[in-house]
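S.K.: Take a look at this one; I'll ask things after.
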Amino acid sequence: MADEGCHDDMAGEVLLEVQSLSAGYGNVEIVSGVSLKVSEGEMVALVGPNGAGKSTVLRGLAGVIRVFDGTVKFLGKEVTRHPLESLVRQGIGYIPQGDDTFPHLTVKENLEMGGYLLATNERRQAMSHVLDRWPQLVPMLKRRASTLSGGQQKMVALGRAMMLRPRLIMLDEPTAGLSDELTRMVITDIALGLARAGTSVLLVEQKARVALETADRAYVLVNGRVAMDAPATEILADESMAEVFLGGRSGAERAG
Ligand SMILES: Nc1ncnc2c1ncn2[C@@H]1O[C@H](COP(=O)(O)OP(=O)(O)OP(=O)(O)O)[C@@H](O)[C@H]1O
Ligand SMILES: [Mg+2]
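Written out as structure tokens, the structure is:
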């Protein structure tokens with residue numbers, strides 16, 4: 003799909019620009035006035051306590067829930083309320099919270115599912131691109147996804163999303179259920195690696211510390227609003243923000 007981007011330009015163009023987004027469920031507005039942006043090559047974290055509305059922001063961006071107000075632009079073009087499939091075609095990948103793999107399919111079949119929009123030939127190319135990036139997947143290709151470890155399944159889920167070579171990938175808590183060691187691997191190796199290789203990352207994480215240690219910039223969401231927007235290291239150093247996270251039952255994990 004997308005052409006090979008200009009990977010050496012770290013301060014690249016703005017890919018995603020969200021202005022005053024309000025979104026929710028039914029008639030209930032859960033997040034309000036959320037503005038954020040993600041540029042080429044960047045890893046941006048969206049952090050905040052349980053129930054703050056982080057997943058809701060991503061769902062609003064991904065066109066899967068009701069957007070009340072605000073605009074979403076991707077590559078300068080307005081895509082507010084575009085359905086997910088259209089966004090995917092335009093170069094946005096989205097891995098929802100708790101969405102890993104098709105457990106009964108093999109790893110290879112899972113990757114192929116990610117390339118469903120591609121012609122056979124392109125799909126083969128995309129597959130070899132993904133396997134070049136994560137050669138660890140090669141010996142697992144014939145295994146059913148359900149037989150893999152949590153960390154391996156995460157890599158398959160990411161590989162599936164990468165089949166269409168998105169310019170931007172939105173990840174909702176990719177580390178849920180993973181050990182500290184795997185969490186660090188997913189965030190510092192996989193996610194940051196993607197950003198630096200040309201697929202920008204918008205990462206929702208409840209494990210705020212490791213996300214903030216790794217991301218370039220971050221937004222702190224509290225009660226559906228952006229409470230702080232700064233370079234990630236500044237947020238990490240901010241005492242009032244530390245309190246927000248301590249109040250966020252950081253060890254707890256939810257499936258939904
Ligand atoms: N499908 C839904 N219908 C109605 N309300 C919902 C729905 N999903 C979430 N909510 C509500 O929206 C609010 C924000 O939820 P959301 O899942 O966005 O929070 P979050 O920041 O992602 O939390 P977590 O870190 O626990 O995943 C919560 O009050 C939640 O109850
Ligand atoms: Mg969530």
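Residue numbers (our numbering): 3 to 258.
C-beta: ideal position from N, C-alpha, C; glycine also.
Please report the distance separating the alpha-carbon of lysine 79 from that of threonine 201.
M.R.: C-alpha separation (whole angstroms): 18 Å.
S.K.: What residue range is occupied by the uninterrupted beta strand (DSSP E) comprising threonine 73?
M.R.: Run containing threonine 73: 68 to 76, per the beta strand (DSSP E) assignment.
S.K.: Verify the contact flag: lysine 56, CB atom, against every heavy atom of ligand 2, threshold strictly below 8 Å.
M.R.: Because some heavy atom of ligand 2 lies under 8 Å away, the Cβ of lysine 56 counts as near it: yes.
S.K.: Could you round the C-beta distance between leucine 1 and leucine 223 to whole angstroms and report it? I think they count as a contact, below 8 Å.
M.R.: The requested residue 1 is not part of the displayed model; the chain covers only 3 to 258.
S.K.: Can you tell me the Cα-Cα spacing of proline 137 and methionine 129, whole angstroms?
M.R.: Near 11 Å, if we compare the C-alpha coordinates of methionine 129 and proline 137.
S.K.: Would DSSP call alanine 257 helix, strand or coil?
M.R.: Since pLDDT at alanine 257 reaches only 34, below the 50 mark, its modelled position is unreliable, and the value read off the structure follows with that caveat. Three-state DSSP puts alanine 257 in coil, outside helix and strand.
S.K.: Looking at the structure shown, is arginine 211 part of a helix, part of a strand, or coil, going by DSSP?
M.R.: It is helical.
S.K.: Helix or strand or just coil, what does DSSP make of leucine 223?
M.R.: Strand at leucine 223.
S.K.: Is glutamate 183 buried or exposed, if buried means 16 or more other CB atoms sit within 10 Å of its CB?
M.R.: Flag for glutamate 183 reads exposed.
S.K.: In three-state terms, what does DSSP make of serine 130?
M.R.: Residue state, collapsed to three classes: helix.
S.K.: On the DSSP letters alone, give me the boundaries of the beta strand (DSSP E) that serine 22 sits inside.
M.R.: Its beta strand (DSSP E) spans residues 16 to 27.
S.K.: Measure the alpha-carbon distance for leucine 63 versus tyrosine 118 and round it to whole angstroms.
M.R.: If I take the Cα positions, the gap works out to 22 Å.
S.K.: Can you tell me whether DSSP reads lysine 39 as helix, strand or coil?
M.R.: Strand at lysine 39.
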